[in-house]
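In the numbering used here, the protein residues as written are 48 to 190. The beta-carbon is built from N, C-alpha and C at its ideal position, and this holds for glycine as well. Comments concern the structure below.
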């Protein structure tokens, strides 16, 4: 049987550090919009689509730092679809998912201990499908 503490150490070895340049650039764009120095348009610069406004009345156009975060106010205004195509998809994974019920320890138990999927589901308060997806690495594949 595999030692869970060693697996946990390896899974947590990759640092979870936010990019301070990215955070600062987003803040500068937000501040410029709030002060009126930067205006968020209603039309995507790439496809010309007009996605409309959110429930708060703001345009759903997103600012894309196409020349890097070191030029914080040099943004290209894109709809969500075009922005996804320009930006690598970085979903939250593992413990970073705020609504997730499973922890790293639970996932390691599911992968290393010999119990039925129903037993694991009852133990961790999840549905059997969630256990199956962990075992087949459909979810938590980074561990």
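Supposed contact pair residue j and residue i - C-beta distance, whole angstroms, cut 8 Å
i: residue 125; j: residue 112; result: Actually they do not touch by this definition, with Cβ atoms about 11 Å apart.
i: residue 71; j: residue 119; result: 7 Å
i: residue 158; j: residue 181; result: 7 Å
Residues bridged to residue i [DSSP beta-bridge criterion]
i: residue 123; result: 111
i: residue 106; result: 100
Proximity of residue i and residue j at Cβ, strictly below 8 Å
i: residue 178; j: residue 168; result: yes
i: residue 92; j: residue 133; result: no
i: residue 117; j: residue 85; result: no
i: residue 107; j: residue 127; result: yes
i: residue 19; j: residue 148; result: The question about residue 19 has no answer, for the chain in this structure spans 48 to 190.
i: residue 190; j: residue 141; result: yes
Element boundaries [alpha helix (DSSP H), containing residue i]
i: residue 116; result: Unbroken run through residue 116: none, as it is neither H nor E.
i: residue 169; result: 164-171
i: residue 158; result: 151-159
i: residue 71; result: 67-82
i: residue 181; result: 175-182
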